[in-house]
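Undergrad: Sending over a structure as structure tokens; questions will come in a sec.
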Amino acid sequence: MSAETSPDGEGAGPDAVLLVVTGATDRVVQDVARTLGGLVPTVVVQQVGPDGDRSLRGEQLRAGHTRSRWRRPLLTGAERVLPVRHGAGLAARFDPGFRDRLRQSDALVVLGPGAPAVARAAHDLAPQVQVLEGTGEALELCTRLALRVLPHAGIGAPSQPQPELPTGDLRRLLLAIPALAGPARTQAPVRHRLRATLWLSRDPDQRDALLAALEPVLGPDDPVLQGWALQRGRPTGRPDVDRERLLAAADALLAEADTVLDADAQAAARWAALALRLRHAERGASGGHVDDPPDPSPSRTWRALTTSAPIGREEGEQEDSGQSPGAAVRVLLLPAEGSGPALRAVLRLSPAVTVVQPAQQDLPSSLRGTTVPDALVEGRLRSGLGLPWTGYPGAGRALRQEHPAVVLADGVDQRTLLASLALPRSCRLVALVRPADLAAPWLDLVDPRRWGALLVEDEATSDRVRARVDRSGCDVRVEVVPGLASLRTDAPQAPAREALRAAVLGDLGRIGELSGSGRHDEAMALVREALGSTATAPDAALLQQAALATTRAGEPTLRLEVLRRWAAIDPRPHVRALVTEQKARLREFSPGWLPGDLPPTPVEGEPGRVLHLLKVSLPQRTSGYAVRSAYLLRERARRGEDVLAVTALDFPDEPAPAVETVHGVPHLRLTRDQVPAREGADAYLDAFARRVLEQVVEHRPSVLHAHSGHRGYELALVALAVGRAAGLPVVYEVRGLFEGVWTSDVGRATESELYRLRRALEARVLGLADAVVTLSESMRQDILARPGTGAQALDPAGVVVVPNGVDDEAIAPRPPRADLRRHLLLEDTFVVGYVSNLDHPREGQEVLVEAVALLRRAGHPVTALLVGGGHRADGLRRRAQELGVAEHVVLTGQVPHEEVGDYYALLDVFVVPRIDERAARLVTPLKPYEAMAMGLPVVVSALPALREIVGDAERGLTFPPGDAAALAGVLADLRGDPDRRAALAAAGRSWVREHRTWAALAARYDEAYAIATRATSAGGVGEPLHGGDELL
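Counted from 1, the sequence shown has number 47 at position 47 by UniProt numbering; the numbering is strictly sequential.
Put into structure tokens, the structure is as follows:
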């Protein structure tokens, strides 16, 4: 306890007191003695008279104690006959103990009838010692000493309770409090300080002791004492009466807080916090619904706590200017127990959003649970009064250091209120309101202007929330979101996810949600609306999200507009680079554009020498594209053709010799020592064309044969530019319909600007090529159906079909490996499967998984074996788990090309479950041919390109695309008919060996080269750059 002079002027008080009691003791004397003994460091009690009170444990003061031997008998006799009022004076003058004790004291307190005589003696013996004579002056001293023990109010008051008061401090308080009974308790400052003792300790037993001591002093009607007593739980047993008492007590506390609001905001806040606990006490304890409490009686304190008011800041804090223009939007997440990962996953829809979460150690424990922290209420009160606040400086600083643009709180709790106080005005608050939140005061206390949105599960909760927030007069958005609870799980419902993203992220969230859910037209409309808004200019984060959405939607022209707007407000170099790159992508589509700006460089080609332009090759890539190229070029070389291949610029992205022989054919690697970090598509093709022209000049081919690139046409563009410069014919081999495979979103693939631009460019390139090769008759018909006029009109005779095939030397039936069958747990089961990548949904492996589930339910011991890797693997595993066949669906992951044959051999039936999608309808994959060569029966989706392979049930069976039940029926029939399986397998293998060997197919290139050399090469055009999926 402080011994300094208090603001109330009670003085420091004596440190050593001599208490002399003359005559009999009464209760007042005993109280004085007890108070002095507890509040003064050193107290000596001396008693005069024969009837000394032994409870005082004092020394006996006697005149007969004199050191003079001749006086001792006389004085002893006099004491026996003199009354106390005279005898006390003799004792004081002649007892040496009095003289010694007096001189060691700061004050003398003398009580009883002999007090005047003792006082006179004291003045004579030690005039420097203060003498307090009689009970009046003694009680005044006790009051002064008691005030010294009480906590100060206002400035200098203890800011936080201790977990537990030291025993000595508590004892002194319990002695000091009764000393202030009587007239002193009517003084407001003293009452104020007495009440403050309840906030010195958090220990409930100590608070109970203080309450018991305070009630006689302050009176049973004191509102603060009543509030504490009710909070400690003294119910009547009648809920209606208890609720009325609680609300009345809360009103009284708020009214009392008004009396000190201007002078001592801390005390007002403490009383208001107690009032809030009372207002919500019976609601938190109730198991059922309890009506929300009415507004309290008019109170300045309540208005400051709940209404919109100037937002206070911590002392010394500067207003945050918000995020930098180039930053992603930052969301500060305040999750409930266990909801953090799920909510983060919903909000992290793109790099335009950063979700942060305060560390648990940054937020004190008082900001969790059901407590109503005084410091937090004080912060809100001071904010409402426009004053700076100092509560929770570490926690507030931790929140501000995250620089959030918006806060998402799962539940309206103490942390939500802290965020509203600590974060700048520009930061919005969004909350998922739980019904339990209505049993707490925080919804009332958050400044209503800070709410961006309050999301609730149902109309009943909405009505209650609206009633609470409408009190403020502010227009607060309260939205009912069915399925709100699902946002806290790993499987959020789509409408709830959409509502949350819109509420937290605004247009950014809406665009991201629409784009991510495949509603691209709506997303693009919102992007255009944001770009055209005159009221609010889109910020960098919104433009970043819009750029991502336009990419997903395949809208390159709109994307360029978005990027230009973004670069105008975001000075970072990489944003400007994105603009440059997008312009480069669009340059490909410029009519008449050819890469390289190559000068005329006539080349006289060597007859029979063909230069192939390939995007990839073996051994670095083992895709169907690379396998087809390797085998066809090998067979051409075996036929005596002088075959060369050049791979795409910078392929491979690993060390390789300048010339690498693949199956006997030289492959020229056009690698660069330094690859530009951010090279535009046009610049890349320019460099590629110049390097190919160098090879053409050196090796002098007579034909340039360009195969499809990553986007389809880009290798053809290079070949046309080089062919035009060198005067050589160009053959373009179309291996896929790449204009429609730039995205895995099947519905969007052919509905975008990118598709239209690519298809138009592909048509122009096809028209400029001297001859065209493709994989199937269905693809040939699609190529011929493309619009073209004049020189670009396609001659049907100029489009040659060279299907996929097999190497009958390497791929042949083989017995299954028993060790591999055991390893994959495929013993004693009928194995159906597919060998393909798991990247594109067109492959339809889900249909096969669903068919296996149906077969298993029907009692057929069937297992699916899916060979290949890709990002859809996890989704297929989840689907198998949902259908209850996880142990009957085996995913191998990527398998080395040389081992794939061992996996084919494990299958009883090979299934191609492609869905009905444009590329799947027209492009023939390589794998069914390999399965036939391995002696496997084949079942395929009834799509034109696949029906070409199996014929009219001659070499395989079909089922309607996407129909798992129909597929299950076909497989069940085959499982029960081994003879049918054997017949289909034999027919397929025979047909493949006769019509689909690489050796036989390679001869068809003769026709294409003859057409090309008879034709006149034309100039070129140009198109776009976006990634495309391989089909082979």
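Even glycine gets a Cβ: it sits at the ideal position worked out from N, Cα and C. This one's a predicted model, so the numbers in the text were calculated from it and none came from an experiment.
Using the C-alpha atoms, what's the distance from residue 613 back to residue 1012?
TA: Computed Cα separation, rounded: 16 angstroms.
Undergrad: Given that a residue counts as buried once 16 or more other Cβ atoms are within 10 Å of its Cβ, and exposed if not, what is residue 318?
TA: The pLDDT assigned to residue 318 is 49, lower than 50, so where the model puts this residue is not dependable; a value taken from the coordinates is nonetheless given after this. Counting Cβ neighbours within 10 Å, residue 318 comes out exposed, since fewer than 16 surround it.
Undergrad: What do you get for residue 482, buried or exposed, if any count of 16 or more other CB atoms within 10 angstroms of its CB means buried?
TA: Exposed, since its Cβ has fewer than 16 Cβ neighbours within 10 Å.
Undergrad: Could you give the residue range of the alpha helix (DSSP H) that holds residue 593?
TA: It is not in any alpha helix (DSSP H) - residue 593 carries neither H nor E in the DSSP assignment.
Undergrad: Identify every residue that forms a DSSP beta bridge with residue 647.
TA: For residue 647, which the question treats as bridged, DSSP gives the partners 614.
Undergrad: What's the gap between the Cα of residue 201 and the Cα of residue 277?
TA: One C-alpha to the other measures close to 18 angstroms.
Undergrad: What are the uninterrupted segments assigned as beta strand (DSSP E) that are 3 or more residues long and contained completely in the segment 363-434, given in chain order?
TA: For the segment 363-434, whole beta strand (DSSP E) runs of length 3 or above, ordered along the chain, are 406-410 and 428-432.
Undergrad: Taking residue 839 as the reference, which of 810, 874 and 294 has the closest Cα?
TA: Measuring from the Cα of residue 839, the nearest candidate turns out to be 874.
Undergrad: Determine the closest residue to residue 688 out of 668, 718 and 807, with distance taken between C-alpha atoms.
TA: Among 668, 718 and 807, the Cα nearest to that of residue 688 is on 718.
Undergrad: Taking only runs of the alpha helix (DSSP H) that begin and end inside the segment 427-484, which ones reach a length of at least 4 residues, in chain order?
TA: Runs of the alpha helix (DSSP H) inside the segment 427-484: 442-445 and 459-469.
Undergrad: Measuring only the C-alpha atoms, how far is residue 15 from residue 72?
TA: Spanning the two alpha carbons is a distance of roughly 34 angstroms.
Undergrad: CB residue 75 to CB residue 46, shorter than 8 angstroms?
TA: No, the pair does not count as a contact, with Cβ atoms beyond the cut-off.
Undergrad: Quick one, which of 452, 395 and 480 has its alpha-carbon nearest residue 435's?
TA: For the residues 452, 395 and 480, the minimum Cα distance to residue 435 belongs to 480.
Undergrad: Near residue 966, which residues of its chain fall below 8 angstroms by C-beta distance, leaving aside the five closest residues on each side in sequence?
TA: Counting only Cβ-Cβ distances below 8 angstroms, and skipping sequence neighbours, we find 959 and 960.
Undergrad: Evaluate the contact criterion for the segment 419-433 versus the segment 266-274: three or more CB pairs, one atom per stretch, below 8 angstroms.
TA: No, the segment 419-433 does not touch the segment 266-274.
Undergrad: Take the Cβ of residue 894 as the centre, count every other Cβ of all protein chains shown within 10 Å, and call the residue buried at 16 or more, exposed below.
TA: It is exposed - the Cβ of residue 894 has fewer than 16 other Cβ atoms within 10 Å.
Undergrad: Counting C-beta neighbours from all protein chains within 10 Å, is the total for residue 954 16 or more, i.e. buried, or is it exposed?
TA: Residue 954 is exposed by the Cβ-count criterion.
Undergrad: Please state whether DSSP places residue 545 in a helix, a strand or coil.
TA: Correct three-state label for residue 545: helix.
Undergrad: Compare the C-alpha of residue 162 against each of 709, 414, 198 and 447 and name the closest.
TA: If we check each option's Cα against that of residue 162, 198 comes out closest.
Undergrad: Assuming residue 699 is part of the alpha helix (DSSP H), what are its boundary residues?
TA: Segment 681-699, the alpha helix (DSSP H) holding residue 699.
Undergrad: On the DSSP letters alone, give me the boundaries of the beta strand (DSSP E) that residue 739 sits inside.
TA: Residue 739 -> no beta strand (DSSP E), and no H or E assigned at all.
Undergrad: Could you pull out every residue in the same chain whose Cβ sits closer than 7 angstroms to the Cβ of residue 448, ignoring the five residues on either side in sequence?
TA: Closer than 7 angstroms at Cβ, skipping near neighbours: 308, 469, 472, 474 and 476.
Undergrad: Spell out a yes or no on whether the segment 817-824 and the segment 909-922 are touching, meaning 3 or more CB-CB pairs, one atom from each, closer than 8 angstroms.
TA: Result no; under three Cβ-Cβ pairs closer than 8 angstroms.
Undergrad: Note down the Cα distance separating residue 454 from residue 354, rounded to an integer number of angstroms.
TA: Their Cα atoms are separated by approximately 21 angstroms.
Undergrad: For a minimum of 4 consecutive residues, which ranges assigned as the alpha helix (DSSP H) are wholly contained in the segment 165-241?
TA: As far as the segment 165-241 is concerned, its whole alpha helix (DSSP H) runs of at least 4 residues are 167-179, 188-196, 204-218 and 223-231.
Undergrad: Does residue 40 come out as helix, strand or coil in the three-state DSSP assignment?
TA: Of the three classes helix, strand and coil, the one that applies to residue 40 here is coil, per DSSP.
Undergrad: In three-state DSSP terms, what is residue 35?
TA: Helix at residue 35.
Undergrad: Residue 133 bridges to which residues according to DSSP?
TA: Per DSSP, 110.
Undergrad: Three or more C-beta pairs closer than 8 angstroms, one from the segment 114-128 and one from the segment 75-95: is that the case here?
TA: Taking 8 angstroms as the limit for Cβ pairs, the verdict is that the segment 75-95 does touch the segment 114-128.
Undergrad: Excluding sequence positions up to five away, which residues of its chain have a Cβ less than 6 angstroms from the Cβ of residue 251?
TA: Only 296 and 297 meet the Cβ criterion.
Undergrad: Are the CB atoms of residue 938 and residue 883 nearer to each other than 8 angstroms?
TA: No.
Undergrad: So, at 6 angstroms on beta carbons, what are the nonlocal neighbours of residue 30 in its own chain, with the 5 sequence-adjacent residues on each side left out?
TA: Answer for residue 30: no residue qualifies.
Undergrad: Helix, strand or coil, according to DSSP, for residue 537 in the structure here?
TA: Looking at residue 537 - three-state DSSP - the assignment turns out to be coil, as it is neither helix nor strand.
Undergrad: Would you mind reading off the limits of the beta strand (DSSP E) that contains residue 833?
TA: 830-835 is the span of the beta strand (DSSP E), which, as asked, contains residue 833.
Undergrad: Taking just the CA atoms, how far does residue 500 sit from residue 852?
TA: Taking the straight line joining both Cα atoms gives about 37 angstroms.
Undergrad: Under the rule that 16 or more other beta-carbon atoms within 10 Å means buried, what is residue 167, buried or exposed?
TA: Exposed.
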